[in-house]
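Position one of the sequence shown corresponds to residue 1044 (my numbering), numbered consecutively onward. Okay, structure first, notes after.
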Amino acid sequence: MANKKAAFKSLRQDKKKHIRNKAVISELRTLTKKARTLIISKDREEADNALKNLESRLTRAAKNNTIRKNNASRRISRLRAQWAKIESKA
């Protein structure tokens, strides 16, 4: 347990950040699932909008250090690759 005032403050801040980060990560998971299902269903317009929204959220999360920059880039790249694969078959 923390003994100093600064350590208690740090613990309080960490709890707040943890709750905020958890919410963002949960939202990213939801958006990723939605984008994947739309890509598989081949609904082009909806999938494209979902991908753009997800890219925006991933970039923002990486900028705020909720997730790492390379993690965001990798996720975007893989989803775009899936999208391109579906597009080339159509």
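For glycine and all other residues, C-beta sits at the position ideal for the given N, C-alpha and C. As the structure is a computational prediction, the values presented were derived from the model and not from experiment.
Ser1069 has its alpha-carbon roughly 18 angstroms from the corresponding atom of Asp1057.
When Asn1108, Glu1089 and Thr1102 are compared, the shortest CA-CA separation from Lys1060 is found for Asn1108. Under the 10 Å beta carbon count, Ile1082 is surrounded by 16 or more other beta carbons and is classified as buried.
Annotation: the continuous alpha helix (DSSP H) that includes Ala1124 extends over Lys1112 to Lys1132. Taking the C-beta atoms as reference points, Leu1097 is found nearer than 9 angstroms to Leu1074.
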